[in-house]
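Student: Have a look at this one.
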């Protein structure tokens, strides 16, 4: 079922794989893609899609798309059709509205004069509306509201395609990047190559891994070189389950070509003079899996640092430190360590129930005690109240709330679905006396400065240690993060 | 799930409805569309799609598509979203391959500079490959293998769309018709209008009906004018269940505009000098529902005439006449009447079983008798043998086969899915002694001349009686039918 | 989902199969059972169940049950588990209420001291309530409202079961028959034997067939004796699709043992002095498939005789004879033949639509003519009116209704689900002027005497020809039929 | 689909609710039952069943059963049929074999002379085989392999049921208890009463809660007494989500009557002289939810005590303490606290993946460190190896395994599904050098004595504080637990 007018930006995950060496190899590309995508499932649960190509002189694409989780969307018998692929890309999508559209499911595949291209996109084009007009003025009818289709048609459109010459993909991708500044992490598959592209601000993550022969995965006795390959993913957490090693990040503005012959940096498109990189700080705070690595540091460690920083900024007179399971556990442990207080569990999760009634109180652990509850963020402010009430009814003497990120106040136009300004608790009158409103003894947030230092201290120390790959483009190495949802300062003019 | 390379032509059904008078009216357009489409279900069971528009200054389209029968594809709760529509079009598709693709499901809807257009298509463009190249050369990436997307992009492309001017749809449709001669019956919805278009050869059927207030359908006491409207359909059999009356056929080459203000013939694009119309003769023989009306005559009557003609051409020395239920019953009755033989039933159908074992023999009716079994066509020749065997084992003295159409020998490139030339029994060595091969006492077919006279005698007599609507375009009134699958004579050069 | 209090009698179908000779044989018993059951699908569409046994010293039963049609209820992979069976029974059930209960699905299987027994039942015990009390008084809790469970527990109960002796099944079944007079056709499977039982009144049908080697079914080159077997079925129409030949009916009151060694009549329990057999006359009129054989005559032939008799009793001044497709076609043909009027088709069925709107009028066939429409029965009187209206709107000059059975006026307590007395049109005031009420020019029914003579003339002539198997029990051969729903005369006291 | 011979004992959950005061009340019994059952979902995910009664003079039972989780098994529209219930019981079942049988789904409901009874059972009768024979010798056929049916038929059987007298349920339940010693926690619903029964050894848990008016649950302004009621559950964790307060445990051997008038202890059946209670110690170790209360102590606290005891018995020379998420977290925290080592997280869970690949390593947390990994049990020994390997590859210097329970060596015949003796790692040769086999630096288990003291210290201190309800039956208060799976000492002779 599909309807008009959703067009809301979304958080997604992209993943690609190219078998190394002579094709066909023993590397089961479709299986690697599926496992890699499952590891990105937290970035999107609405729909999933996969495209593989078995290349040769007449490359044949096999496409599989479906609603829901990867395990639901990809039926085992359907996956069989993809098994001859030597390379492929896949995508998982976040449900941003009640309306789910199979038609908007990525990767988007179109036929061109030179064959099929497939595109998977994570992000949201800030100037999508203007670009749609430009494409439609050219006489193209757009069949979906997705940025992915728009990107695909833009790639097909400019420069004009000639039957006699192979398309110059670097030129086409550079042209696309000249038409839209952010935000996108893209995978473009054409014949035997996957192009991995990150926008000049590096707003969305993208990194490369190397598949090395692992006996437990491939016990078939295949030669070493036969099971090698390259993968590219929104997050490095997807590497472990497929036996891949972290190789490096795609740099902001970089176009990387991944082929059977290896990984090659084709170009790094610079940002406008003076602009800093703008990697989304909420990937650290909330979205990413804790075992992923961004900018050389593990997300878990950054979250723990946020908890330590929070303990420094907002101490509390309490007996025990705990958290709402599970995403804020590292911050809570950091807070407890910094503060020298015991970390305990206060809530037991029922994974079979919805949010409202899913917690049981572990009464004995905190009855008669003053509890500091560390959370990673408070968005609408309606889930924390019943938890505080539950803890107090179960005997907590006091409940202090500490939030390991600053209040969210502004919308995101770069790929994150955030409630409307009016729905955000930080913009409501109740925020003035939030502790009372949610029934807590006290509430305190991490400052923007505190968050930035918790994030950037690690980057800085990392950069001194590392030999970063890339051109002489100094700007891409300077530190900067997008904090628009906290500060209202967007990395680019929104009417670009 | 989708795969490469199906691209096979198909038989489909299209249906549209526009409420008359001031909008919104009491006419439940979505309900009319659904019922109308169900009545065309015999033309396609693979997938179904429906688009309605509630018009106004910013028309909002609601789209619903699904695999399988209309009743499966359109869940009742999903249909609710379409209930405010004042006009709409829908489509049902025939499964021509094992691979079913939701993506190829029609109507195809795209956004253009001036808003959305929706296209539903029955037929197959003879020059689709060349047209795809032309569109892709323009920089358009094609996301499906369907002719419907191709038609939609062609309509968007030429003449160039200007933001300031409303698009001239007659010009755009005429341009499309100048680029492809056949075969298509099209419905194009744009804002508050449905354009109904038939190719100059009239290869696929399309006719118009008028919805008049019927108390049993609308007992809500709505004013008369509130429940009026216009419908357009592949076959008139869909009119009765929705309380519509047959109005007229869309003529070969005609572009008809259907709006709240009524039906208006905008143009009739002529055929090349000397070319006759080429309405598919197999719509009469097999595809259409017997209560549909083409060229002024009821399909059932034509089939009965085929049976009579067959009795004249191929009499048989037998005791009783019967048929394989149910499509050949009119031909069998015609044969029996012409011949003065009793018509009996010899087979009892089990509607819960597949073809192979679905018949029970009504032994007492024919034991010891010579039976003429009239069938409408023999395609592969593998279903009639077990039936003959069954009848003989159950006591039939002799079984004579009479076929109420000529042997099928050639492929169709205009919308009908026919087995390959090699699979057709008429092209096999066994055809030389077919009676022996299938175990019959004798086999005889209707001649091409006999079929044409059975079909065209009715048209001729009809034309003398009728006041046909249309311009002075004489050629569209002359009689002619496509018999390509029987004779190999295609109405247009295939390399057009 | 299940609920209290449905307990409504139902029409069902039973089928069994035993492979002949040494086990295991090549006969695919599970496949035979499934195909046989599909051929009885018209007797019940709510649920289906199958039990097979692979016998040996420790017989292992495999049971498969499901809601809906046989094809839905028996998934292919689930059927695999039944493939080693050497004998088995199965059952299909009619949906008598909106509430479907998997728990009531037959065959009913219970474990006893001597092993499992399985029971499949067609019919309805007239004294079920009293029997339930008797069983429960013994301390047995009944888990369903189905007669099948009741029968099973009664078989387990009396005489008392002793661990040391094998159960005497003839004694147990005779005891059951002494406790309830009618109606039941039963299949009881225990270890390596299927007992086929018909109540002394023969109210429900049951007949035996013999599977003989058919090359097309078993091309595996198995020896002749390996593919032989016996089948038992509610109707003989199920024999053809499995390659079985009609052998004989189970007689009223007969207990037949079917084993690998063949078919053996164990006993014929007599009716009370003076009682006639009471085979349900509606099996002839409506329920059975036309190619089934009861009492030596084909159902189709009986229906045709009803039509002839109706023509004699209720002629009409008309031009053409037709019918509402499809069940009344033989009666209509009989009427037309007797009367010398042409038989035509007036309605075209859309098999994708519900009753209300499923017919299209074949206008040309009857416009301006007086039509006699022969139907097999009028129950509630609400489906014939719109058809008459449709025909008249399409141009019929007059529509005369002739019904090939008498009016239904009374409930059935013996296995047929009939609307309540109040719902039956024959009990309503409107019946006084039925023609006017339904919009017909005239309405006439077949008389009870006419129906009985149409049915029994064939039985009589058949009995003179046949060598009926059975004991000297003369009463079982005398002619008699249950006409309770027409006359209110039930074959047994209902408070038995 | 069902098959022979599973008959394996299982872990299940039972739950019941009775509205207090005059019926009908505002208490939504069906909703309370559903929520209560969801909170017991961890005790069984194979199937779920619910029975409610709306009582009155002719009580009507509504039954709903289905496969899978409660949310899947109970469709919202189906639940509507249960909404008038004033009392009810429900059950969730654990999948012990690959074969799932809807027929074995509880509660089991049968009709008796005095009306329907419904039974829900958690446990496994040690003498089920002998009892089945006894019931079948009486002439009862058993339709399932479930103990629940057996219990129901035993309750209906003895003493003999008389039509004139209401059944004496205490006598019937006592008779049942005299025939089987353990293990069962039972709910028996008859008309307007639920009987809650626990076997004399108290092997399975059962406790009572009181529903009190909670504004957030019932904002309809109903009177206080209208929303009161009683609940009974396998575990107290189900009380919180339905607004109920813990009231007390059902004692070993106790028969409690729960009606609209309140909770009444009818009898406490004693154990044989000298026998101790035998509550399953694995409910503490693994099965129960950590926020449940048994014998006056919270499960979480007991697990934490196990961790502390383990630290005393099996210290380790390490840097950090961690666990495999999530069930062993309390033991790990207890170990860390006792030992004064920092507790950290080493693994990140991907809840979208199966066991094998579901963990990501939080490298930075433990690289270069010696890790103690506390687990709650090692059953087969095949899941811990890959985790140890993962940690070592990610940089752990040493991995020491500490198990917070003793090795499992013996089968359970009282309701817990345990792998066969041969599959248990503690019975394999590899156990001799387990550390080497699983790749750990060292492995140590908690002793049986240590486990018993961790469990029973709390019970003892609890008993001194509490006023336990019950008769003078001293034995029921003495401390004892079933450790059969660890020691092979079963609480009763198995050939009872």
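Residue numbers (the UniProt record's numbering), protein chains in the order written: chain A, 1 to 496; chain B, 1 to 496; chain C, 1 to 496; chain D, 1 to 496. The beta carbon of each residue, even a glycine, is placed where N, CA and C say it ideally should be. Since we're looking at a predicted model, the values are computed, not measured.
1) Extract the residue ranges of the alpha helix (DSSP H) inside the segment 338-383 of chain A, only unbroken runs of 4 or more that lie entirely within it.
2) Report whether the distance from the Cβ of residue 345 of chain A to the nearest heavy atom of the ligand NAD is below 8 Å.
3) Reducing DSSP to helix, strand and coil, say where residue 195 of chain D ends up.
4) Is the CB-CB distance between residue 170 of chain C and residue 255 of chain C below 9 Å?
5) Residues of chain B with CB closer than 7 Å to the CB of residue 136 of chain A, please, in chain order.
6) Starting from the C-beta of residue 186 of chain B, find all residues in its chain whose C-beta is less than 6 Å away, skip the five residues before and the five after it, and write them out in chain order.
7) So with CB distances below 9 Å, who are the chain C contacts of residue 298 of chain B?
8) Who pairs with residue 249 of chain B in a beta bridge, going by DSSP?
9) Between the segment 286-303 of chain B and the segment 385-398 of chain B, are three or more C-beta pairs nearer than 8 Å?
10) Hey, residue 14 of chain D and residue 234 of chain D: beta-carbon distance below 9 Å or not?
11) Which of the three DSSP states, helix, strand or coil, is assigned to residue 182 of chain A?
12) So residue 425 of chain D packs on residue 378 of chain D, CB below 8 Å; how close in whole Å?
13) In its own chain, which residues sit with a C-beta less than 7 Å from the C-beta of residue 42 of chain C, not counting the 5 before and 5 after it?
14) Should residue 323 of chain D and residue 373 of chain D be called a contact, given that it needs their Cβ atoms to be closer than 9 Å?
15) Tell me, please, whether the segment 430-442 of chain C touches the segment 137-148 of chain C by the rule of three or more beta-carbon pairs shorter than 8 Å.
16) Can you tell me which of the three DSSP states residue 237 of chain C falls into?
17) Whose CA, out of C:188, C:166, C:165, lies closest to the CA of residue 500 of chain C?
18) Note down the Cα distance separating residue 497 of chain D from residue 212 of chain D, rounded to an integer number of angstroms.
19) Determine, for residue 39 of chain D, whether the minimum Cβ-Cβ distance to residues of chain A falls below 9 Å.
20) For residue 318 of chain B, collect the residues of the same chain with a Cβ closer than 6 Å to its Cβ; drop the 5 residues on either side in sequence, then sort them by chain order.
21) DSSP has residue 61 of chain C in a bridge; who is on the other side?
22) So, for residue 396 of chain D: in the same chain, excluding its five sequence neighbours on each side, which residues have a beta-carbon less than 6 Å away from its beta-carbon?
23) Contact criterion: CB-CB distance below 9 Å. Does residue 221 of chain C meet it with respect to chain D?
24) By Cβ distance below 7 Å, which residues in the same chain neighbour residue 454 of chain A in space, the five residues on each side in sequence not counted?
25) On the DSSP letters alone, give me the boundaries of the beta strand (DSSP E) that residue 479 of chain C sits inside.
26) Please state the DSSP three-state secondary structure of residue 385 of chain C.
27) Please report the distance separating the alpha-carbon of residue 123 of chain A from that of residue 34 of chain A.
28) Buried or exposed for residue 159 of chain B, please, with buried defined as at least 16 other CB atoms from any protein chain shown within 10 angstroms of its CB.
29) Look at the alpha carbon of residue 29 of chain D and the alpha carbon of residue 259 of chain D, and state the distance between them as a whole number of angstroms.
Tutor: A quick look at the data gives this:
1) If we require 4 residues or more, the segment 338-383 of chain A turns out to have no alpha helix (DSSP H) run fully inside it.
2) This structure lacks the ligand NAD, and indeed carries no ligand of any kind.
3) Under the three-state reduction of DSSP output, residue 195 of chain D falls in the strand class.
4) Going by C-beta atoms, residue 170 of chain C is nearer than 9 Å to residue 255 of chain C.
5) Within chain B, the residues whose beta carbon sits less than 7 Å from that of residue 136 of chain A are 111, 112, 113, listed in sequence order.
6) Closer than 6 Å at Cβ, skipping near neighbours: 121, 197.
7) In chain order: 362, 363, 364, 365.
8) Beta-bridge pairing links residue 249 of chain B to B:207.
9) No, because fewer than three Cβ pairs between the segment 286-303 of chain B and the segment 385-398 of chain B fall closer than 8 Å, the two stretches do not touch.
10) Judged by beta-carbon spacing, residue 234 of chain D lies within the 9 Å limit of residue 14 of chain D, meaning their Cβ atoms are closer than that value.
11) In this structure, DSSP gives residue 182 of chain A a state outside helix and strand, which the three-state scheme calls coil.
12) The C-beta separation of residue 425 of chain D from residue 378 of chain D comes to about 6 Å, placing the pair in contact by the 8 Å criterion.
13) If the five residues before and after residue 42 of chain C are omitted, its C-beta is found closer than 7 Å to the C-beta atoms of 289, all from its own chain and listed in chain order.
14) Yes, Cβ-Cβ distance for residue 323 of chain D and residue 373 of chain D is below 9 Å.
15) Touching, no.
16) Helix at residue 237 of chain C.
17) In this structure chain C extends from 1 to 496, so residue 500 of chain C is not present and cannot be described.
18) Given a span of 1 to 496 for chain D in the structure shown, any question on residue 497 of chain D remains unanswerable.
19) So yes, residue 39 of chain D belongs to the interface.
20) Excluding sequence neighbours, residue 318 of chain B sits near 370, 372, 400.
21) Answer is C:53, bridged to residue 61 of chain C.
22) Excluding sequence neighbours, residue 396 of chain D sits near 366, 371.
23) With a pLDDT of only 49 at residue 221 of chain C, under the threshold of 50, the placement of this residue in the model should not be trusted; the figure read from the coordinates follows. Interface with chain D (9 Å Cβ-Cβ cutoff): residue 221 of chain C is excluded.
24) 302, 305, 306, 309.
25) Secondary structure note for residue 479 of chain C: it is in no beta strand (DSSP E), with a DSSP letter that is neither H nor E.
26) Looking at residue 385 of chain C - three-state DSSP - the assignment turns out to be helix.
27) Cα to Cα, the separation comes out at about 21 Å.
28) With fewer than 16 other Cβ atoms within 10 Å, it is exposed.
29) A direct Cα-to-Cα measurement between residue 29 of chain D and residue 259 of chain D gives close to 13 Å.
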